[in-house]
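Remember, the numbering used here sits 174 above the position in the sequence shown when you count from 1.
All C-beta atoms, glycine included, are put in the ideal place defined by N, C-alpha and C.
A quick write-up on the structure given underneath.
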Amino acid sequence: MQINGFDFLYDEYSVFEPELDDSRTDSLYEAGIKELEKIDRTQAVEGSIAYRGFYDEIKKFLSPFAESKRPVSQSDIMDFFNEIKTKKQREL
175 MQINGFDFLY DEYSVFEPEL DDSRTDSLYE AGIKELEKID RTQAVEGSIA
225 YRGFYDEIKK FLSPFAESKR PVSQSDIMDF FNEIKTKKQR EL
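So, in structure tokens, the structure goes:
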């Protein structure tokens with residue numbers, strides 16, 4: 175099936191599935207919490223804040239594409255990250 179040059183979206187690819195680990199008794203959530211406990215609290219909070227800021231920015235950037243059903247190009251992504259880089263340099 176081919177739709178406007180996006181036929182790759184309909185190709186079936188194998189999906190990586192890790193081997194089951196019978197020795198692990200924790201859920202993925204519990205394992206993540208254990209790892210977070212190893213990190214300095216300040217570093218964990220700052221990382222969460224940075225992640226949330228990035229999430230908000232990329233959502234704001236991608237929303238117009240979703241609304242107009244326009245595909246996101248490589249140059250769009252490059253522009254987005256260049257803009258973030260420029261903002262960060264201005265802040266320093």
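task = May I ask you to report which of helix, strand or coil DSSP gives GLU186?
result = In the structure shown, GLU186 sits in coil (DSSP, three-state: anything other than H, G, I, E or B).
ask   = Does DSSP put MET175 in a helix, in a strand, or in coil?
value = Unreliable placement is indicated for MET175, whose pLDDT of 47 sits below 50; the coordinate value is still reported in the next sentence. The answer is coil: DSSP assigns MET175 none of H, G, I, E or B.
task = Could you tell me whether the Cβ atoms of PHE239 and VAL246 are closer together than 8 Å?
result = Yes, these two residues count as a Cβ contact at 8 Å.
request  = Could you work out which residue in LYS243, SER242, LYS234 is closest to ILE258 when comparing CA atoms only?
outcome  = Among LYS243, SER242, LYS234, the Cα nearest to that of ILE258 is on LYS234.
Start-end ranges of the alpha helix (DSSP H) lying completely within the segment 212 to 255, minimum 4 residues = For the segment 212 to 255, the full-length alpha helix (DSSP H) segments reaching 4 residues or more read 215 to 242 along the chain.
request  = Identify whether THR260 lies in helix, strand or coil by the three-state DSSP scheme.
outcome  = For THR260, the three-state secondary structure derived from DSSP is helix.
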